[in-house]
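Participant: So the protein sequences, as listed, match chains A and B. First residue of the first sequence? That's 1034 in our numbering, and the numbers climb one at a time after it. First residue of the second sequence? That's 1034 in our numbering, and the numbers climb one at a time after it. All residues carry an ideal CB built from backbone N, CA and C; glycine is no exception.
Protein chains: 2
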Amino acid sequence: MDPQTTPQPPPPPPQAPPPHILVVDDDREIRDLLSKFLERQGMRVSAARDAREARRLWPLGRYHLVVLDLMLPGESGLDFARWLRGQSEVPIVMLTAMGEETDRIVGLELGADDYVAKPFNPRELLARIRAVLRRTGGEPGAPRKEPPPKAVRFAGWTLEPARRRLLDPEGTEVPLTGGEYELLVILLERPNRVLTRDMLMDLLHNRQAGPFDRAIDVAVSRLRRKLEDDGRNPQLIKTVRGGGYVLAASVERVH
Amino acid sequence: MDPQTTPQPPPPPPQAPPPHILVVDDDREIRDLLSKFLERQGMRVSAARDAREARRLWPLGRYHLVVLDLMLPGESGLDFARWLRGQSEVPIVMLTAMGEETDRIVGLELGADDYVAKPFNPRELLARIRAVLRRTGGEPGAPRKEPPPKAVRFAGWTLEPARRRLLDPEGTEVPLTGGEYELLVILLERPNRVLTRDMLMDLLHNRQAGPFDRAIDVAVSRLRRKLEDDGRNPQLIKTVRGGGYVLAASVERVH
DNA sequence: GGGAATTGCAACGCTCCGCAACAGCCGGCC
DNA sequence: GGCCGGCTGTTGCGGAGCGTTGCAATTCCC
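(1) What is the rounded straight-line gap between the Cα of phenylalanine 1153 (chain B) and the Cα of isoleucine 1063 (chain A)?
(2) In three-state DSSP terms, what is valine 1218 (chain A)?
(3) Would you kindly report the start and end of the unbroken beta strand (DSSP E) that includes alanine 1184 (chain A)?
(4) Name the chain A residues that come within less than 8 Å of glycine 1211 (chain B), Cβ to Cβ?
(5) Mind listing the chain B neighbours of glycine 1099 (chain A)? Cutoff is C-beta to C-beta under 8 Å, in chain order.
(6) How about the region 1050-1059 of chain B and the region 1080-1099 of chain B: do they share at least three Cβ pairs that are nearer than 8 Å?
(7) Kindly indicate the opening and closing residues of the beta strand (DSSP E) around threonine 1191 (chain A).
(8) Closer than 8 Å, Cβ to Cβ, to anything on chain A: give me those residues from the region 1193-1205 of chain B, in chain order.
(9) Mind checking if proline 1208 (chain B) is an interface residue toward chain A, Cβ cutoff 8 Å exclusive?
(10) Taking 6 Å as the limit between beta carbons, can you name the residues of its chain near proline 1092 (chain B), skipping five residues before and five after?
(11) If you compare alpha carbons, which of A:Arg1077, A:Arg1196 and A:Val1165 is closest to isoleucine 1125 (chain A)?
(12) Are the region 1190-1199 of chain B and the region 1263-1283 of chain A touching by the rule of at least three beta carbon pairs closer than 8 Å?
(13) Alpha carbon to alpha carbon, how far is isoleucine 1219 (chain A) from arginine 1226 (chain A)?
(14) Taking its Cβ as the centre, do 16 or more other Cβ atoms sit within 10 Å of lysine 1183 (chain A), making it buried, or is it exposed?
(15) Report the rounded CA-to-CA distance for valine 1253 (chain A) versus aspartate 1250 (chain B), giving the unit in angstroms.
(16) Taking buried to mean at least 16 other C-beta atoms within 10 Å of its own C-beta, is arginine 1161 (chain A) buried or exposed?
(17) What do you get for proline 1050 (chain B), buried or exposed, if any count of 16 or more other CB atoms within 10 angstroms of its CB means buried?
(18) When the Cβ atoms of the region 1236-1243 of chain A are set against those of the region 1203-1210 of chain A, are three or more pairs found closer than 8 Å?
(19) Out of B:Gln1120, B:Pro1106, B:Arg1115 and B:Asp1102, which has the shortest C-alpha to C-alpha gap to methionine 1127 (chain B)?
(20) In angstroms with no decimal places, state the Cα-to-Cα distance between glutamine 1120 (chain A) and proline 1155 (chain A).
(21) Excluding five sequence neighbours on each side, which residues of the same chain lie with their C-beta closer than 8 Å to the C-beta of phenylalanine 1113 (chain A)?
(22) I want to verify the contact list: residues of chain A whose CB lies under 7 Å from the CB of alanine 1150 (chain B), in sequence order.
(23) Going by other Cβ atoms of all chains shown within 10 Å of its Cβ, with 16 needed for buried, is glutamate 1261 (chain A) buried or exposed?
(24) Applying a beta-carbon distance threshold of less than 7 Å, which residues of chain B neighbour valine 1279 (chain A)?
(25) Is the CB-CB distance between aspartate 1221 (chain B) and leucine 1192 (chain B) below 8 Å?
(26) At a Cβ threshold of 8 Å, is serine 1283 (chain A) touching chain B?
(27) What residue from A:Asp1231, A:Leu1066, A:Lys1069 and A:Ala1188 has the CA that sits closest to leucine 1280 (chain A)'s CA?
(28) Using DSSP with H/G/I as helix, E/B as strand and the rest coil, what is arginine 1156 (chain A)?
(29) From arginine 1082 (chain A) to glutamate 1122 (chain A), what does the alpha carbon distance come to, in whole angstroms?
(30) State yes or no: is the C-beta of arginine 1230 (chain B) within less than 8 Å of the C-beta of aspartate 1246 (chain B)?
(31) Would you list the residues sitting across from leucine 1200 (chain B) in a DSSP beta bridge?
(32) So, helix, strand or coil for aspartate 1058 (chain A), using DSSP?
(33) Give a yes or no on whether the C-beta atoms belonging to leucine 1071 (chain B) and leucine 1159 (chain B) are separated by under 8 Å.
(34) I'd like the list of long-range same chain contacts for leucine 1067 (chain B), defined as Cβ closer than 6 Å, with 5 residues on each side in sequence excluded.
(35) Does the beta carbon of arginine 1156 (chain B) fall short of 7 Å from some heavy atom of the ligand SAM?
(36) Measure the CB-CB distance between alanine 1282 (chain A) and proline 1202 (chain A) and report whether it falls below 8 Å.
Pasting the structure below:
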């Protein structure tokens, strides 16, 4: 009965002109890898080794998006991003080494549209590039659509996406693990809607839930504890027996 | 979720004209399966193989809802969804393969009303189609329905849909189980109307009541207790002997 | 009034869920 | 490299939700 999915052939390029990407990274291997990979996905790619070269290339093309390594020889990627922001609204996807959290935060505040941590999976980068292109409408130089909110408030709690942190009603930070954060974001994007375990598994991990999979239950349980939500009588994340979970709160996005 | 239930004989069609669904999927098996299945549930179904065909069909019918596979040959489902959104506010339920995370997320941002991950259970899709139709009011091309009320008041009691909770006349919360809450919502949406057990079973569980099914009676009994409504002399949920149940109260929606 | 039909609901049991405890994994650090 | 600590999937147990059943109460009809 269940239609089984087979891996699909590479999606045909949409009829729109192929997006033009500028890749800025000092690592030759990464530049080549990305160029090949993205071109195979129907995109045009130009590459620069450092900020100086990127600055030279910039006026020569109308780029739809810039992939920018933060760690560059000479002028830092952060400075280049700032310069770029002065020039254009072009979307930026940052590549960051692990552990450079502060850079990442500064980058996002600076107006980067997304970031991917190195070492990265090209497919993931592609996915994020596509997502950013869609969000921004894919027009080079077009004004961006909807910036991520500065804060998301729900039931007294505050989530700050730029810093990936959660504040309780008194304003003190409650540390969340990566998984807890992702789950909370997923719930906050769909308040008052029942999300099945399948959906949550899919949204959280891109994979299918096994028949006796309790991973979601446990993840919810852990998030509830952080949110001080009693699982026996939850106020925030309610259980729908046989169905899934619902975030029972009104969510306000603050820009 | 539901074990594969045997196909039901056509349920008593609601008084409204049957909703007309447009199914867009390149897999012939899925199209046929869904057409048969949804038609057996009293819906009209048209099917298209790809975006081009769907575009051709679109002006020919006034569809209440579109079921759209994201992975289509040629123009992607996402692009078609975007086009559709330009044309109309018609609700969209997406079918997605696992692992296409960003597409899915973008789809929801784009205004899809729900999505079901493949492989899916037809009953689940049906439930989601119904839920979406209910939310959107089910009128083809009609503007999106008014937002759900902040509170629903009846006989001194208050239901807060956003928080999925019930307050007694003194304002203290009365914890409801999921089933009790759903039943109460169903009753509140149809005050002063007799609802047969069959209807209630269908609305509550998307399934048909067996001949000696007392599940609804017990559910009502449990809800009555929470509402402090004596079953021997009920004031709120009255019994219609041989008929079903009625919520005997005026319901006020507070926005 | 009496029997049949119908409903209210307590009691029971199956299934699903909450979550503590455990274990595997991975990244960081010396 | 090896140890350590945090994160997250797995497992198992106890408990809650709810469908089923049976019986008493109520209503209907003659």
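Facilitator: The answer reads as follows:
(1) Taking the first residue of the second sequence as 1, we reach residue 1153 (chain B) at position 120. Taking the first residue of the first sequence as 1, we reach residue 1063 (chain A) at position 30. Those two C-alpha atoms are separated by around 39 Å.
(2) Position 185 of the first sequence holds residue 1218 (chain A). The answer is helix: DSSP assigns valine 1218 (chain A) an H, G or I state.
(3) On the first sequence, residue 1184 (chain A) is found 151 positions in, with the first residue counted as 1. Residues 1184-1187.
(4) As a first step, residue 1211 (chain B) is located in the second sequence; it is residue number 178 there, counting from the start. By Cβ distance, chain A contributes Lys1271, Thr1272, Val1273, Arg1274 and Gly1276.
(5) If you number the first sequence from 1, residue 1099 (chain A) lands on position 66. Residue 1099 (chain A) is actually valine in this sequence, not glycine. Chain B residues near valine 1099 (chain A): none, gap ~18 Å exceeds 8 Å.
(6) yes
(7) Position 158 of the first sequence holds residue 1191 (chain A). Annotation for threonine 1191 (chain A): the continuous beta strand (DSSP E) segment containing it runs 1190-1193.
(8) Pro1194, Ala1195, Arg1196, Arg1197 and Arg1198
(9) Sequence index remark: in the second sequence, residue 1208 (chain B) carries index 175 (1-based). It does; some Cβ of chain A falls within 8 Å.
(10) For the purposes of this step, residue 1092 (chain B) is taken as residue 59 along the second sequence, with counting starting at 1. Cβ within range, chain order: n/a, list empty.
(11) Translated into the one-based positions of the first sequence, residue 1125 (chain A) becomes position 92. The candidate whose alpha carbon is nearest that of isoleucine 1125 (chain A) is A:Val1165.
(12) yes
(13) Within the first sequence, the letter at position 186 stands for residue 1219 (chain A). Within the first sequence, the letter at position 193 stands for residue 1226 (chain A). Looking at the two C-alpha atoms, the distance is approximately 11 Å.
(14) The residue given as residue 1183 (chain A) occupies position 150 in the first sequence. Lysine 1183 (chain A) should be labelled exposed.
(15) As a working mapping, residue 1253 (chain A) is identified with position 220 in the first sequence. As a working mapping, residue 1250 (chain B) is identified with position 217 in the second sequence. Cα-Cα distance, rounded: 33 Å.
(16) Here residue 1161 (chain A) is taken as the residue at index 128 of the first sequence, counted from 1. The residue is buried, with at least 16 neighbouring Cβ atoms inside 10 Å.
(17) Residue 1050 (chain B) sits at position 17 when you count from the first residue of the second sequence. Exposed is the call here.
(18) The region 1236-1243 of chain A is not in contact with the region 1203-1210 of chain A.
(19) Along the second sequence, read from residue 1 onward, the residue named residue 1127 (chain B) stands at position 94. Ranking the options by Cα distance to methionine 1127 (chain B), first place goes to B:Asp1102.
(20) The residue you call residue 1120 (chain A) lines up with position 87 of the first sequence. The residue you call residue 1155 (chain A) lines up with position 122 of the first sequence. Going by the C-alpha atoms only, they are around 28 Å apart.
(21) Translated into the one-based positions of the first sequence, residue 1113 (chain A) becomes position 80. Once the five neighbours on either side are set aside, the close Cβ partners of phenylalanine 1113 (chain A) are Val1057, Ala1084, Ala1087, Arg1088, Leu1101 and Leu1105.
(22) Within the second sequence, the letter at position 117 stands for residue 1150 (chain B). Here the neighbours are Asp1231, Met1232 and Asp1235.
(23) In the first sequence, residue 1261 (chain A) corresponds to position 228, counting from 1. Its Cβ having fewer than 16 others within 10 Å, glutamate 1261 (chain A) is exposed.
(24) For the purposes of this step, residue 1279 (chain A) is taken as the residue at position 246 of the first sequence. Ordered by position in chain B, the residues that pass the 7 Å Cβ test against valine 1279 (chain A) are Arg1197.
(25) By one-based count along the second sequence, residue 1221 (chain B) stands at place 188. By one-based count along the second sequence, residue 1192 (chain B) stands at place 159. Per the sequence shown, the amino acid found at residue 1221 (chain B) is leucine instead of aspartate. At the C-beta level, leucine 1221 (chain B) and leucine 1192 (chain B) come within 8 Å of one another.
(26) Within the first sequence, numbered from 1, the residue matching residue 1283 (chain A) stands at position 250. Yes, because at least one Cβ of chain B sits closer than 8 Å to the Cβ of serine 1283 (chain A).
(27) For the purposes of this step, residue 1280 (chain A) is taken as residue 247 along the first sequence, with counting starting at 1. Ranking the options by Cα distance to leucine 1280 (chain A), first place goes to A:Ala1188.
(28) Residue mapping note: residue 1156 (chain A) aligns to position 123 of the first sequence, counting from 1. The answer is helix: DSSP assigns arginine 1156 (chain A) an H, G or I state.
(29) The sequence position of residue 1082 (chain A) within the first sequence is 49, counting from 1. The sequence position of residue 1122 (chain A) within the first sequence is 89, counting from 1. Rounded to whole angstroms, arginine 1082 (chain A) to glutamate 1122 (chain A) spans 22 Å at the Cα level.
(30) Locating residue 1230 (chain B) in the second sequence gives position 197, counting from the first residue. Locating residue 1246 (chain B) in the second sequence gives position 213, counting from the first residue. Contact flag set, yes.
(31) Translated into the one-based positions of the second sequence, residue 1200 (chain B) becomes position 167. Among the bridge pairs identified by DSSP, leucine 1200 (chain B) is matched with B:Thr1191 and B:Glu1206.
(32) For this step, residue 1058 (chain A) is matched to residue 25 along the first sequence. Three-state DSSP puts aspartate 1058 (chain A) in coil, outside helix and strand.
(33) Along the second sequence, read from residue 1 onward, the residue named residue 1071 (chain B) stands at position 38. Along the second sequence, read from residue 1 onward, the residue named residue 1159 (chain B) stands at position 126. It is a contact, given that the beta carbons lie within the stated cut-off.
(34) Start at 1 with the first residue of the second sequence, and residue 1067 (chain B) comes out as number 34. So the qualifying residues of the chain are Val1056.
(35) This structure simply doesn't include the ligand SAM, nor any ligand for that matter.
(36) Here the question's residue 1282 (chain A) lines up with position 249 in the first sequence. Here the question's residue 1202 (chain A) lines up with position 169 in the first sequence. Result no, Cβ atoms of alanine 1282 (chain A) and proline 1202 (chain A) do not sit closer than 8 Å.
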